[in-house]
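Undergrad: So that we are looking at the same thing, I have put the structure below in structure tokens.
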Amino acid sequence: MSRPFVGVPRLLWALVVSILMLWSSPVWAEFPLPPSYPDCGLGGECPPDYSPNGDWELGSGFPDGVNVDAISPDERPLGSGSWVDRAWGVTTGRTDVLIAVMDSGIEWDTSQLRTKHFLNAGELPFPQNADGDELGTHDLNGDGVFNMEDWDEDPRLAPDLGGLPEGHADDLLDPSDLIAAFSDGVDDDGNGYVDDISGWDFFWNDNNPYDEVQSDGYSHGTKEARWSAADGGDGGDIGSCPNCMVLPLRVSDSFVGDVNNFALATLYATDMGALVVQEALGTINNTQLAEAAIDYAWNRGVTIIGSAADETAYHHNFPGANHHVVLVHSIRHDSSEVEWANTFFAYSNCTNFGPRLDLSVAAENCSSGATGRGAGIAGLMYSAALDALEAGTLDAPLTGNEAYQLMTHAVDDVAFTPIDDDPDRYPSKPGWDAWYGHGRLNASALVEAVAAGAIPPEADLLTPGWFDTYSLDDTETLSIYGIADASRADSFTWELAAAAGLDPEDDGFQVLATGSGTERMEGLLATVDLATLPGDPEARIEPYTSADTNVSKARKAHVHMVVLRLRVVDDLGRVGAMRKAFYVQRDPDLLPGLPTQVATGIEASPTLVDVDGDGIDDVVFLTSDGDLHVVDAALQSLPGWPQSFGLLDELDATHPDNHLAQPAYAGGEVDATQRHGAIATPAVADLDGDGAVEVVAASLNGELWVWHADGETADGWPFVLDESLVVGLNEPDHNNYDYGFFGAPALGDLDTDGDLEIVIGAMDSRVYAFHHDGSSVSGFPVELREDYQSGGGVESRGERVISSPALGDIDGDGFLEIAIGSNQKTTGTYGLGYVLSHDGLVEEGWPHHLFGAYTNALPFVGEGVPGSPTLCDVDGDGTLEVAMHTIADSGKLLSWNGETYARLARVANDFGGLSNTSEDSASLIMISSGAWGDLDQDGLWDYLIGSMGFAYAGGLLNDGYRNDHDHLLGGWSGQVQEGATGPGLPFLEGFPQIMEDLQFFLNPAILDLDGDGLPEAINGSAGHILHAFNHQGREPLGWPKDTGQWVLGSPAIGDADGDGYLEVWTATRDGHLFAWKTPAVAATAYRTWTSFHHDPRNTGNCHTELRSYPPLPEETGCDGCAGCESSVAPGLGAGRASRGATLALLGGMLWGLSLVARRRRSA
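Position in the sequence shown (from 1) plus 474 gives the number in my numbering.
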């Protein structure tokens, strides 16, 4: 049944938007700067502090000193930037246009923004003049704007009331002083936020969005606000919308954070009347609340400008990758100095590309700069629209869809290298492409279109979702729903079309359906037979070679992609369009019913373990929305499951600081049921020795739960972190505490009493250990905090612990030790790795200072030692070697006492002879975790971990020049060799192997999945492909596998369908589960690392015993009687009995033959 077409009266929509704006903020009619500079960009006057040389990204011409003859004739008319200077000829913005900056917070003492901060009149008294008199208005100085200048003479205020830490300018009166003076604990304006005088801190849920951390000495959020809205005149920056106002909203302590904070802030911003949301974020999760908040904003005419991220990669950065966000990245000049430029359309290496990209924006400073500049340009668009409403040119405010159409059509097409034959530049072609989106945003064309009332029609694709993946063996047809509307014209036509591949040519689209109308249409556009869509669903992902580039690898990885395009053309010839990409494949290895979307997102790794005690593995997975599932192979929930974390404090009616009175919730439009987010993989084992397992899971918001196998909460749980240990202690260059759990719990018998304890690191810098009843183990918690010498003397800094602990008897003393990393860094190039005793003491020789070239690569997720250590007795001496790494780490293994055991080979001359990479310098370990197994079957433990070619650094050093490079999976033999620098481990013959994208946090699984006697390392990436390499770098028939979505979790190995053969399971950040059958016989297949951190207990220890499986009935002739089972013994030789290996090999050969036959039949 199709959905009905729905019409929405335009007058009603206009009335709703107008009421919202009136409710949330005063109406201002005057401007601190002239409303326009009609001759700017044409040789005339421009706003103060604008420089065509220093602000080239805003210009329509070229900076002085540029050799214009060196610029391609096709590019010369387009100038250097986004034509903001010419847009200022129409508008410089309006102070009733509010840009909500969602980031790390604001440095209140930044003079460039002092007058730009939104002040909430509903929470403030009238300002007083020097005599202490109120004049009955908030605009005391009568300039038409309510800002800090109205408080300059108020005798109740002083510049130091805010009490900010180091760096606060005591001679500057700023909003922090208003917050200190007038916070009265009352929600005066009734919007659900108490004393929200100038924005809100969603990181700590208080009313002061001050950037208390200022990573690396600067405030990312303050920079963002200056790029979009600084008004100039003080010798500093000029924003692209210098008359727009800023609503400071702190959602993290950096540009990396929890998406729920972004979601809460987006709802708040929308209800407060913001028209632009500026988010240069990369969130570690994506939730249903985030999707709801984005749609809430879109439906109220708010534009969200989102960052595509900064890694020269195509992975889907959240929250920007969500539908209804304008996703931007930066383009720039191709030289270190602007005067030497040969082009101003160079792809910035500090940005991302891919199928979701909407726009390029001229900017330096990575995608963050593009987000700031782009948000300001969006502010100009809304300012022009408000001017047009007042002039009668427009009859209603812009809708979210119209704003999107305006921005994606007001572009300079980047179409200069349609053939990928220029080693210095990425390909670009007419229309949309994966490296430049729709083109470079042109602010002048944008505001001129709005001022003229030339508003495009609306086009939207509601389903399918971005990057959904469909199996032809499970789904035959797809219903496509969308919207077509042209309410500013008399009629319209629409066309739905599809094409194959990453960036298809315009003439490659196949028309699926057409229509026309005079009223808004919302509903079913077409039902299509997936098998008839363009592309080859059975196409193999071709192997990468040393000849591959970033472009060719991306095109290979997107071989199953289908792009939908809806175009709407009104009777005036104006065009609206919307794209969406998804995947269609036929893979006979997929389990029935898979893939399927089971959640908004799954960042945690799935685990296969027998929860209900029936002998068959169950699938345990934890969603980004805080729901813990235990299901069978058919995804049917076991009795008592799922279970969930608690509600966010902000949405919990029992919490004193909830915001349920906010209009978004009070009106029932947004569901206020969002629970704690989660990213940590659950641990599963029998904690209390009663013969039944427990499931342990931790939330990003500080809850640690234990549930019994039947879903009942165990006595003594949950544990909740003590927020008082960290609140108020953060300040620049001293502490960077957080509150919650990122790393996974590990389970082991710390006190040797026969039952298991729970060990977990927390973002308050502490390591916790608990007995099964919830009581703390003696000696815990312990804070990981090391004093170190710097140029300024002895320093110590509290930092997050996001690493997952590994448990094992490292020193051979009969007790378990704990190996774990910390985000703490010393002198900028060393990350700290710890080994703790079973009673919480730092072991002698630890922490180890691990040298890396980039120990501060990313805030939050890329500092110090973020990956999870692993343990293995490589030399068989009874003590465990420790593998832990910082970032851009050349790699080494450590002995039990913290000394170096062996260095890992790293330079290109030492790469294995069958390695496929073109990297000619070195391989460096990044933000990944390792795994152990005997890939070459020589009886020694080999080590596998994600890495990156050194060539990647060239892109950062030479921004603007195309820089092809390889992400890698490193693999080292356990055969120690003596070298010039001491003992070392050489690369395996086929390693390193090319991976298509970064491998954040995950580790490979190790299994002989095809039964040929050569185990594979099974490894995913942010680039959505799951590979399986043997020691020679070869992949089995039918591999690699395509998920179409960012894989952040590690693969899990087990037999969930109980057929005696192992499956490979994985989950994606878009909430899809995948599982593939293998010919690996569960009872006999070689397997040494079956999940995140090795085993369901998350021990990270290669010697932790894995479960055994009963043999196949035909192997023994028995019917499951006692004594028939074959076990996988702990240690290197697990599962290597000659008879079992022979059976596995025969099984693999038969499987391969049957696979070939099936594929031939389906051809």
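Even glycine gets a Cβ: it sits at the ideal position worked out from N, Cα and C. Note that this is a predicted model, so its numbers are computed, not measured.
1. Relative to the C-alpha of N1437, which residue among V668, Y742, A787, L635 is closest?
2. With respect to the beta strand (DSSP E) encompassing W1181, which residues constitute its N-terminal and C-terminal limits?
3. For A972, which beta-bridge partners are listed by DSSP?
4. Locate the alpha helix (DSSP H) running through F736, then write down its first and last residues.
5. According to DSSP, is E1143 helix, strand or coil?
6. For E1257 and G1319, I'd like the C-alpha separation in whole angstroms.
7. Quick one: residues in its chain with C-beta nearer than 6 Å to the C-beta of A987, no 5 flanking neighbours on either side, listed in chain order?
8. With a 10 Å radius around its C-beta and 16 neighbouring C-beta atoms as the bar for buried, classify Q1298 as buried or exposed.
9. Buried or exposed: where does D784 fall if 16 or more other Cβ atoms within 10 Å of its Cβ makes it buried?
10. Mapping DSSP to helix, strand and coil, what is T588?
11. Measure the alpha-carbon distance for H1129 versus N679 and round it to whole angstroms.
12. Let me know the secondary structure DSSP gives F1385 once reduced to three states.
13. Is it true that the segment 879 to 889 meets the segment 922 to 941, where meeting means three or more beta-carbon pairs spaced less than 8 Å apart?
14. How would you label P629, buried or exposed, when you count the other beta carbons within 10 angstroms and need 16 or more for buried?
15. Per DSSP, what are the beta-bridge partners of D1003 in this structure?
16. Can you determine whether any heavy atom of the ligand ATP sits closer than 7 Å to the C-beta of I954, and answer yes or no?
17. If you follow the alpha helix (DSSP H) that C840 is part of, which residue opens it and which one closes it?
18. Excluding the 5 residues preceding and the 5 following P1514 in the sequence, name in chain order all residues of the same chain whose CB lies nearer than 8 Å to its CB.
19. Please report the Cβ distance between R1561 and L1580, rounded to the nearest whole angstrom; I am assuming they are in contact, meaning their Cβ atoms lie under 8 Å.
20. Could you tell me whether the Cβ of A971 comes closer than 8 Å to any Cβ of chain C?
21. Rounded to whole angstroms, what is the Cα-Cα separation between N594 and A604?
22. For the alpha helix (DSSP H) containing M881, name the first residue and the last one.
23. Compare the Cα-Cα distances from A1556 to each of S1565, H1567, N1572, G1532 and report the closest residue.
24. Compute the Euclidean distance between the alpha carbons of L952 and F983, then round it to the nearest angstrom.
25. Return helix, strand or coil for K1054, following the three-state DSSP convention.
26. By Cβ distance, which residues of its chain are closer than 8 Å to G709, with the 5 residues on each side in sequence left out?
27. Find out if the Cβ-Cβ distance for the pair W1179, G1248 is shorter than 8 Å.
28. R724 and S578 - do their beta-carbons sit closer together than 8 Å?
29. Should the segment 1466 to 1475 be called in touch with the segment 1333 to 1349, which here means at least 3 C-beta pairs below 8 Å?
30. Rounded C-beta distance between L646 and D583? I'm assuming under 8 Å.
31. Run through DSSP, which three-state label would G1209 get?
32. Buried or exposed: which applies to A1454, given that a residue is buried once 16 or more other Cβ atoms fall within 10 Å of its Cβ?
33. Can you tell me which residues form a DSSP beta bridge with N1493?
34. For M995, which beta-bridge partners are listed by DSSP?
35. Let's see if you can read the secondary structure: which residues bound the beta strand (DSSP E) around P649?
36. Output the distance between the C-alpha atoms of V733 and S1389, rounded to the nearest integer angstrom.
TA: On the basis of the supplied data:
1. For the purposes of this step, residue 1437 is taken as the residue at position 963 of the sequence shown. Comparing Cα-Cα distances from N1437 to each of V668, Y742, A787, L635, the minimum goes to A787.
2. By one-based count along the sequence shown, residue 1181 stands at place 707. For W1181, the uninterrupted beta strand (DSSP E) segment begins and ends at 1177 to 1182.
3. Counted from its first residue, the sequence shown places residue 972 at position 498. For A972, which the question treats as bridged, DSSP gives the partners Q984, L1038.
4. In the sequence shown, residue 736 corresponds to position 262, counting from 1. Start and end: 733 to 745.
5. Taking the first residue of the sequence shown as position 1, residue 1143 is located at position 669. In this structure, E1143 counts as coil in the three-state DSSP scheme.
6. Here residue 1257 refers to the residue found at position 783 of the sequence shown. Here residue 1319 refers to the residue found at position 845 of the sequence shown. If I take the Cα positions, the gap works out to 17 Å.
7. Sequence index remark: in the sequence shown, residue 987 carries index 513 (1-based). Contacts found: L970, L999, A1000.
8. Translated into positions along the sequence shown, residue 1298 becomes position 824. Q1298 comes out buried.
9. For the purposes of this step, residue 784 is taken as the residue at position 310 of the sequence shown. Buried.
10. Here residue 588 corresponds to residue number 114 of the sequence shown, with the count starting at 1. The amino acid at residue 588 is misidentified as Thr; the sequence shows Arg. Three-state result, R588: coil.
11. Here the question's residue 1129 lines up with position 655 in the sequence shown. Here the question's residue 679 lines up with position 205 in the sequence shown. Looking at the two C-alpha atoms, the distance is approximately 12 Å.
12. Indexing the sequence shown from 1 puts residue 1385 at position 911. Reduced to three states, the DSSP call for F1385 is coil.
13. yes
14. Walking along the sequence shown from the start, residue 629 turns up at place 155. When all chains shown are included, P629 counts as exposed.
15. To locate residue 1003, count along the sequence shown from 1; it is residue 529. Per DSSP, T951.
16. Annotation note on the ligand ATP: not contained in the displayed structure, which lists no ligands.
17. Along the sequence shown, read from residue 1 onward, the residue named residue 840 stands at position 366. That run of the alpha helix (DSSP H) goes 840 to 865.
18. As a position in the sequence shown, residue 1514 is number 1040, starting the count at 1. If we look at P1514 and ignore the five residues flanking it on each side, its Cβ neighbours are I1015, I1499, L1500, H1501, A1502.
19. Locating residue 1561 in the sequence shown gives position 1087, where the first residue counts as 1. Locating residue 1580 in the sequence shown gives position 1106, where the first residue counts as 1. That belief holds up - the Cβ atoms of R1561 and L1580 are roughly 7 Å apart, short of 8 Å.
20. Here there is only one protein chain, and chain C is not present.
21. Taking the sequence shown and counting its residues from 1, one reaches residue 594 at position 120. Taking the sequence shown and counting its residues from 1, one reaches residue 604 at position 130. Computed Cα separation, rounded: 22 Å.
22. Counting from one through the sequence shown, the residue named residue 881 turns up at place 407. Element bounds for M881: 874 to 883.
23. The count along the sequence shown starts at 1 and reaches residue 1556 at position 1082. Measuring from the Cα of A1556, the nearest candidate turns out to be G1532.
24. In the sequence shown, counting from the first residue as 1, residue 952 sits at position 478. In the sequence shown, counting from the first residue as 1, residue 983 sits at position 509. One Cα belongs to L952, the other to F983, and the distance between them is close to 17 Å.
25. Translated into positions along the sequence shown, residue 1054 becomes position 580. Strand at K1054.
26. Taking the sequence shown and counting its residues from 1, one reaches residue 709 at position 235. The residues are D523.
27. Translated into the one-based positions of the sequence shown, residue 1179 becomes position 705. Translated into the one-based positions of the sequence shown, residue 1248 becomes position 774. Not a contact, by the Cβ cut-off of 8 Å.
28. Here residue 578 is taken as the residue at index 104 of the sequence shown, counted from 1. Here residue 724 is taken as the residue at index 250 of the sequence shown, counted from 1. Against a cut-off of 8 Å, the Cβ pair of R724 and S578 comes out as a contact.
29. yes
30. Start at 1 with the first residue of the sequence shown, and residue 646 comes out as number 172. Start at 1 with the first residue of the sequence shown, and residue 583 comes out as number 109. Confirmed, Cβ separation roughly 5 Å.
31. As a position in the sequence shown, residue 1209 is number 735, starting the count at 1. Strictly speaking, residue 1209 in this sequence is Asn, with Gly absent from that position. If DSSP states are grouped into helix, strand and coil, N1209 belongs with the strands.
32. Residue mapping note: residue 1454 aligns to position 980 of the sequence shown, counting from 1. It counts as exposed.
33. For the purposes of this step, residue 1493 is taken as the residue at position 1019 of the sequence shown. For N1493, which the question treats as bridged, DSSP gives the partners H1501.
34. Counting from one through the sequence shown, the residue named residue 995 turns up at place 521. Per DSSP, A958.
35. Taking the sequence shown and counting its residues from 1, the one referred to as residue 649 is at position 175. Per DSSP, P649 belongs to no beta strand (DSSP E); it is in the alpha helix (DSSP H), 649 to 656.
36. As a working mapping, residue 733 is identified with position 259 in the sequence shown. As a working mapping, residue 1389 is identified with position 915 in the sequence shown. If you take the alpha carbons of V733 and S1389, they lie about 38 Å apart.
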